[in-house]
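These notes are about the structure you will find just below.
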Amino acid sequence: MSSIWDTCLTKLENDIASTEFSTWIRPLQALENKSEEKIKLLAPNRFVLDWVKEHYLAKIEATVHEFSNGQITLDLEIGSKKPAPLTVSSTKATEKKSNPNFLNRAFTFDNFVEGKSNQLAKAASIQVSENIGKAYNPLLIYGSSGLGKTHLMHAIGNAVLQRKPSATIVYLHSEKFVQDMVKALQQNSINSFKDYYRGVDVLLIDDIQFFAGKERSQEEFFHTFNTLLEKKHQVVLTCDKYPKEIVGLEDRLKSRFGWGLPVSIEPPDMETRAAILMKKAELAHIELPQEVAFFIARRIPSNVRDLEGALRRVIANAQFTGREITTEFTKEALHDLLSLQDKLVNIDNIQKTVAEYFKIRIADLSSKNRRQSITRPRQMAMCLARELTSHSFPEIGDAFGGRDHTTVMNACKRITELKEADFKVAEDYSNLLRTLSH
Amino acid sequence: MAQQLPLQFEFRANQTFADFYSGSNQEIIDHLQHCVTGSGEAFIFVWGMPGQGKSHLLQACCHHAQKQELRSFYFDLASPSLPDPSLLSGLDECEVVCLDNIELISGNAAWELAFFNFFNQHRDQGHKLIVSASCSPGSLAIQLPDLKTRLNWGLALKLKMLSDDDRIAALIFKADQLGFEIAPQTGRFLLSHYHRNPQSLWTLLEKLNLASLAAKRKLTVPFLKTILEQDTHDA
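Chains as they are written, first to last, in the working numbering: chain A, 1 to 438; chain B, 1001 to 1235.
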């Protein structure tokens, strides 16, 4: 029966515009039921379901009818072919077996690069992983986004799991806690929700700043937190700022978050940034020369995610081109990302830039003035417009005082020749090109 | 002799990788294909000027995912207007999610938060995310710092503008897909006299194909001039 849906898909792909097909039809999953002669189509969410019902259901039904000779009926509902995500009401044994507690195994203490900015946070995290519920409870790691808080949190979970594989560890974002709670309230299973979160050995909650303003969630988390601490189970939290500074967070929570050890992570210094890059490259089995690591570290002073993004680009480009990673190569590979801002290049800003460069008025570029001090910049601006925009010769001519397209063609030809023959023209052109595209 | 009326049909270019003229953008296609099949990056950020083919590539990713029997979802945030963020609900179950024009969520607090949560949950499940924008991730005016760093985290790939030679080759390639031939000098003429944005060129190509069918004539430069003149006159 699924082959009937495949046939229907082929037909629908021809009948429905490509974008609409990709958005609304392709995500539908088909479940066959041979005995009931039925196809159940599963939409990923209510939004898609409602849209498909309103706009495409008749067409889909007609297509299924056509290819099954009217033998098959169609149902449309929200769902997924894959097993549903575990809910808090699932049995613990099932969760244990199939839910990998959302820990990312790649984040360990071994591959966390230590520097002055994070050494206290790392040391405290190791302490906690070796003495759960005893060392610092709760452990609160705070600092700006992208500095390694989540890495340490996962590392704690992984280290605990290594020492005690039977430990129940749950890692989640605060927002997921809120979502699970709302779902539990809707499904009338709030007690299962409470039992689940209050029964774990280690609870790792990321980005608690998102609890701000969510009073019911804060209330529930307050009790979960108290129960875990009473049982001497470990709580680890991360936050983008010191909790006392969070607006919309209850005072009693702010106070409790400060009970254990709050440690901050600061942005890494340049040496640490370079070391992070070298470590990440090593994990990707890539040889990254030290000078390249320092080059990237100098250019990206912000956070570890930005560093990783830049390194990804360099590695991807090196793998595709087969070129050796050098500083020169890295400059090229990161050229677009390192530009402070991506200017929108259009004829207007080409004219403005050229006029400023040659110290003439923008209006001169569109005037009938034929002095060389004006015609040369005008030709250069036309040539740059041809090179940097998608406009046609006639469109460029129009933008320069309604000139004929052949004038633009001649200007481009003339500048190309002059760049070869006259060093000054080549230099001016190159300066302008750099100013406009960097 | 009466002019033959061509069969009216709506042009539906298949949005697959095979239908994309890559030119100097082959690297992007390779990374996208590897991402979808699971042998590459988990998150790719494709950016470039409008009309370079970002939407085509994102839809090609979904097509590729479908071939691998993976559940995919494509959505263009530009059409017709930014929907309710509940659009993202449940999408973390989709193995491949492609969101076009992600820059449009910048400054919309509800969308930024919803996308941040979706990003985390989708990533936690090991699924693949591909987004597109008209500017680099670092230039997005995203207000939520946690989301901004996450968007910078992925593999950012810039679609390069096609050179004029590439545009001519692309015209020939696209014309071939439509079932007619276009000579290089005809392509050169088009580039000199028409807007060179690829999207405008593909639209023009459709018109030319219909006109060529109607007149039963090959697309020579003189014939092209007649069509373009007619087009300008009609406009």
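Even glycine gets a Cβ: it sits at the ideal position worked out from N, Cα and C.
Other residues of its chain near residue i: CB distance less than 6 Å, five sequence neighbours each side excluded
i       : result
A:Q186  : none
B:N1187 : Note that residue 1187 of chain B corresponds to Gly in the displayed sequence, not to Asn. I1168 and L1171, listed in sequence order.
B:K1158 : W1047 and G1048
A:E20   : none
A:I190  : A184
A:S174  : I205, D207, I208, F210 and F211
Assigned exposure category for residue i - 16 Cβ within 10 Å defines buried
i       : result
A:M270  : exposed
A:H223  : exposed
A:H226  : It is Asn, not His, that sits at residue 226 of chain A in the sequence shown. By the 10 Å Cβ count, A:N226 comes out exposed.
A:R386  : buried
A:S22   : buried
A:D404  : exposed
A:V408  : buried
B:D1084 : exposed
B:Q1240 : With chain B represented from 1001 up to 1235, any question about residue 1240 of chain B goes unanswered, as that position is not in the structure.
B:A1110 : exposed
B:E1181 : exposed
A:H151  : buried
A:K53   : exposed
A:V160  : buried
A:E427  : exposed
B:H1031 : buried
A:T389  : buried
A:N303  : buried
A:A184  : buried
A:P165  : exposed
A:S430  : exposed
Distance CB(residue i)-CB(residue j) smaller than 7 Å
i       : j       : result
B:Y1021 : A:S392  : no
A:K232  : A:K244  : no
A:I4    : A:F102  : no
A:I156  : A:S129  : yes
A:I132  : A:Q234  : yes
A:I296  : A:A310  : yes
B:V1036 : B:A1065 : yes
B:D1164 : B:L1204 : no
A:P394  : B:F1073 : no
A:A275  : A:L249  : no
A:K40   : A:D75   : yes
A:D240  : A:Q209  : yes
B:F1045 : B:V1131 : yes
B:Q1059 : B:Q1015 : yes
A:L203  : A:V170  : yes
B:P1137 : B:A1156 : yes
Own chain, CB closer than 7 Å to residue i, minus 5 neighbours either side, in chain order
i      : result
A:T353 : L432, T435 and L436
A:Y242 : Y142 and P262
A:L277 : L288, A293, I296, A297, L307 and L311
A:V178 : K214 and S217
C-alpha distance - residue i paired with residue j, whole-angstrom precision
i       : j       : result
A:R414  : A:I315  : 41 Å
A:K38   : B:C1061 : 30 Å
B:L1088 : A:A411  : 51 Å
A:P262  : A:F221  : 18 Å
A:I396  : B:L1144 : 40 Å
A:C383  : B:A1175 : 29 Å
B:F1189 : A:A106  : 55 Å
A:F423  : A:N14   : 57 Å
B:C1135 : A:Y136  : 44 Å
A:R323  : A:F329  : 8 Å
A:D50   : A:D195  : 35 Å
B:L1091 : A:R198  : 28 Å
A:D206  : B:L1147 : 14 Å
A:Y357  : B:T1149 : 36 Å
A:A421  : B:L1099 : 48 Å
B:K1054 : B:L1129 : 14 Å
Same chain only: Cβ atoms within 8 Å of residue i, ignoring 5 sequence neighbours per side
i       : result
B:P1050 : S1134, N1197 and Q1199
A:Q290  : A274 and M278
Open item on the list: So within the stretch 1122 to 1157 of chain B, which uninterrupted beta strand (DSSP E) runs reach at least 3 residues, ignoring any that extend past its ends?
Closed with: 1128 to 1133
TODO: Scan the stretch 119 to 181 of chain A and note each continuous beta strand (DSSP E) run of 3 residues or more that stays entirely inside, going in chain order.
DONE: For the stretch 119 to 181 of chain A, whole beta strand (DSSP E) runs of length 3 or above, ordered along the chain, are 139 to 142 and 169 to 173.
Task: Within the stretch 204 to 274 of chain A, ranges of the beta strand (DSSP E) (whole runs, at least 3 residues) - done: 234 to 239 and 261 to 264
- [ ] Would you mind listing the alpha helix (DSSP H) stretches within the stretch 11 to 56 of chain A that are 4+ residues and don't spill past its ends, in chain order?
- [x] 46 to 55
- [ ] Scan the stretch 363 to 413 of chain A and note each continuous alpha helix (DSSP H) run of 4 residues or more that stays entirely inside, going in chain order.
- [x] 372 to 388 and 393 to 399
TODO: Write down every uninterrupted run of the beta strand (DSSP E) in the stretch 1052 to 1103 of chain B whose length is 3 residues or greater and which is fully enclosed by it, in chain order.
DONE: 1072 to 1076 and 1096 to 1100
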